[in-house]
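Asker:
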Amino acid sequence: MSYDLAVWEGARPADDKAAVRAFTDLYERYVDTDVEHPPTERIAAYVAALLERWCDPTEDQEDTSPWSTGPLVGEARGPLIYFPMRWHMAEEASTYAAALAHAMGLVCFDPQQGRLRR
Numbered sequence: 019m020s021y022d023l024a025v026w027e028g029a030r031p032a033d034d035k036a037a038v039r040a041f042t043d044l045y046e047r048y049v050d051t052d053v054e055h056p057p058t059e060r061i062a063a064y065v066a067a068l069l070e071r072w073c074d075p076t077e078d079q080e081d082t083s084p085w086s087t088g089p090l091v092g093e094a095r096g097p098l099i100y101f102p103m104r105w106h107m108a109e110e111a112s113t114y115a116a117a118l119a120h121a122m123g124l125v126c127f128d129p130q131q132g133r134l135r136r
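The opening position of the sequence shown corresponds to residue 19 in my numbering, with each subsequent residue numbered one higher.
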């Protein structure tokens, strides 16, 4: 079981309803397609910052990474990263990921609850 989080570049949606629409649009445009979209510089920098805190699952010798898939940057598409976390580490990792996104001027969205993360 995993917990998913979405982070993207762009203006912060006005409310959760607008965030659902924005996420759906980004997902359809960048993830649900056969077209390759390399991560933007800001999203790649965000992933690098996440990996400064916890290692990539592909390098996790001690089973301490909260990320469910690796390489983590492989979950990034254009201005969006939509990534799963291991359930038992999701609270700590998602809190950190949301705070980091905010600090970097990115939007953080919880698709399970359909709401923006503050």
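Yeah, the Cβ is synthetic: ideal placement off N, Cα and C, and Gly gets one too. It should be emphasised that the depicted structure is a prediction, and the values quoted were computed from it without experimental measurement.
Rounding to the nearest angstrom, what Cα-Cα distance links residue 88 and residue 48 in this structure?
Answerer: Approximately 18 Å between the Cα atoms of the pair.
Asker: Please tell me whether residue 93 and residue 84 are closer than 9 Å, where the distance is taken between their beta carbons.
Answerer: Against a cut-off of 9 Å, the Cβ pair of residue 84 and residue 93 comes out as no contact.
Asker: Of all the options 130, 106, 107 and 63, which has the alpha carbon lying nearest to the alpha carbon of residue 98?
Answerer: It is 63.
Asker: What is the DSSP secondary structure of residue 83, counted as helix, strand or coil?
Answerer: Coil.
Asker: Secondary structure at residue 62, three-state DSSP: helix, strand or coil?
Answerer: Of the three classes helix, strand and coil, the one that applies to residue 62 here is helix, per DSSP.
Asker: Taking C-beta to C-beta, are residue 55 and residue 28 nearer than 9 Å?
Answerer: Against a cut-off of 9 Å, the Cβ pair of residue 28 and residue 55 comes out as no contact.
Asker: Around the Cβ of residue 53, are there at least 16 other Cβ atoms within 10 angstroms (buried) or fewer (exposed)?
Answerer: The residue in question, residue 53, is exposed, as its Cβ has fewer than 16 Cβ neighbours within 10 Å.
Asker: Looking at the strands, I want to know which residues DSSP matches up with residue 73.
Answerer: None; residue 73 has no bridge partner.
Asker: If you follow the beta strand (DSSP E) that residue 25 is part of, which residue opens it and which one closes it?
Answerer: From DSSP, the beta strand (DSSP E) with residue 25 extends over 20-26.
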